[in-house]
Amino acid sequence: MITIIICSIDKTRLNGAIINIEQTIGVEHEIIAIDNSIDNKGICKVYNTASRLAKFDLMCFMHEDIEIKTQDWGLNVIHSFESNANLGALGVAGSAYKTSAPGGWDIESDNDALRFINYIQQYKNGGRPTEHIVKNNSDFNSAKVVCVDGMWLCTTKKAIEFYPFDEYLLTGFHGYDLDFCLGVGKKFDVEVTFNVLMAHFSEGSFGKEWFLTVHKLHQKWYNQLPKSSIKITEQFKQVVEKRAFKRAIVNFLKFGFTKDYVFDLLKKYKRDEKINLVLYIKLWLYTNRISRKKDLN
5 MITIIICSID
15 KTRLNGAIIN
25 IEQTIGVEHE
35 IIAIDNSIDN
45 KGICKVYNTA
55 SRLAKFDLMC
65 FMHEDIEIKT
75 QDWGLNVIHS
85 FESNANLGAL
95 GVAGSAYKTS
105 APGGWDIESD
115 NDALRFINYI
125 QQYKNGGRPT
135 EHIVKNNSDF
145 NSAKVVCVDG
155 MWLCTTKKAI
165 EFYPFDEYLL
175 TGFHGYDLDF
185 CLGVGKKFDV
195 EVTFNVLMAH
205 FSEGSFGKEW
215 FLTVHKLHQK
225 WYNQLPKSSI
235 KITEQFKQVV
245 EKRAFKRAIV
255 NFLKFGFTKD
265 YVFDLLKKYK
275 RDEKINLVLY
285 IKLWLYTNRI
295 SRKKDLN
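Under our numbering, the first residue of the sequence shown carries the number 5, and numbering increases by one thereafter.
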């Protein structure tokens, strides 16, 4: 009924994930685990290869550092796709708005009206305590979003045939979830489910490689962004974009882009009416101010 696909670099983690799946999924399944510890192929290439081997229509791409807590969660996944014949991507954390500013699916949508999340986060770094993150401002067990996190992402053969993972642009391990959701979302629905709970043992990496990747993605999807699955006011949109652009500007300058590059980018966004004049001026001043700082951290 469900094909589980894992791109593995840690045999111990993988064995734990397999045991957890066998004990909790509750439906007929297969597990396709590809050892990527030696070849170090891009995750998109690994996922595309594995999806062609899948014998079931439903596929779940998941990280190996996950422990699913919900018993018989496979039944809940099947129910989600049976309840919505147009469902193309399902996750446990996602955002109802994707900014035009370069950034991840969630980091710039830091607003409870836009985020739909349900998972347990453990932290490798900084000694932060484990937390159960729940964001759901609706009364439903699922929510339509623009994009979901790739730590656990379910889809169908029909959806992935329509939009395979972009293994040509994305040759590393970042951005595949955002790109896939934007691609699949052109034809299918993207949702977050609150009926599957899991623990994630790492918090992800958001350094230079990640930012350069999402910048490439935003160039690819420039004409389609911003995108929203819910109705929001223009004023609220500008507030979210302002926050997103500020974070993006810091990253641009921190990772070697010039101030003039940022200015040209802002001009382009203003010209194409993705940001208004007031926000353009604020971001121009912000860029000029922080570019003088020696430490952008």
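Note that beta-carbon positions come from the ideal geometry of N, C-alpha and C, so glycine has one too.
Note that the coordinates shown come from a computational prediction; the quantities given were computed from them, not determined experimentally.
The region 146-163 makes no contact with the region 32-42; the number of CB pairs closer than 8 Å stays below 3. The DSSP-derived three-state label of Val200 is coil.
The closest CA to that of Phe65, considering only Thr134, Lys272 and Ile6, is found on Ile6. If you draw a 10 Å sphere on the C-beta of His136, you find fewer than 16 other C-beta atoms in it, and that means exposed.
Within the region 169-197, the complete alpha helix (DSSP H) segments at least 4 residues long are 180-188, listed from N- to C-terminus. With a cutoff of 8 Å on beta-carbon distance, Phe85 and Leu62 are scored as near each other. An exposed status is given to Asn227, since fewer than 16 other beta-carbon atoms sit within 10 Å of its beta-carbon. Membership of Gln125 in any alpha helix (DSSP H) is not indicated; the residue belongs instead to the beta strand (DSSP E) covering Arg119 to Gln125. In this structure, the straight-line span from the alpha carbon of Phe215 to that of Ala252 is close to 8 Å. Assignment of beta-bridge partners to Val152 by DSSP yields Gly98.
In the three-state reduction of the DSSP assignment, Ala248 falls in the helix class, which pools H, G and I. For Lys231, the secondary structure class from DSSP, reduced to helix, strand or coil, is strand.
Pairing Glu195 with Ser142 gives a Cβ-Cβ distance that is not under 8 Å. Ranked by Cα distance from Gln242, the first of Phe261, Thr103 and Ser41 is Thr103. The distance from the Cβ of Val149 to that of Gly98 is about 4 Å, consistent with a contact at the 8 Å cut-off.
Considering only Asn19, Ser12, Lys59 and Glu68, the residue with the shortest C-alpha distance to Gly46 is Ser12. Rounded to the nearest angstrom, the Cβ distance from Trp156 to Val96 is 6 Å, consistent with a contact under 8 Å. Under DSSP, Thr159 takes part in a beta bridge, and its partners are Met63 and Ala93.
The beta carbons of Ile294 and Leu257 sit about 7 Å from each other, so the pair counts as a contact at 8 Å. Relative to Gly179, the option among His222, Leu94, Lys190 and Phe205 whose CA is nearest is His222. In this structure, DSSP gives Ile253 a helical state, which the three-state scheme calls helix.
Between the region 121-133 and the region 180-193 there are fewer than three C-beta pairs closer than 8 Å, too few to call the two in contact. DSSP places Glu32 in the coil class of the three-state scheme, outside both helix and strand. In the three-state scheme derived from DSSP, where H, G and I count as helix and E and B as strand, Asp264 is classed as helix. Taking a 10 Å sphere around the C-beta of Ser87, we find fewer than 16 other C-beta atoms and assign the residue as exposed. Under the three-state reduction of DSSP output, Ala37 falls in the strand class.
According to DSSP, residue pairing for Glu135 in a beta bridge involves Gln125.
By the Cβ neighbour-count rule, Ile72 is buried, with 16 or more other Cβ atoms within 10 Å of its own. Restricting attention to Lys235, Asn255, Val200 and Leu229, the CA atom closest to the CA of Glu213 is found in Asn255. Nearest in C-alpha terms to Leu201, of all of Gln125, Trp109 and Tyr101, is Gln125. For Glu71, the uninterrupted beta strand (DSSP E) run begins and ends at Ile70 to Ile72, by DSSP.
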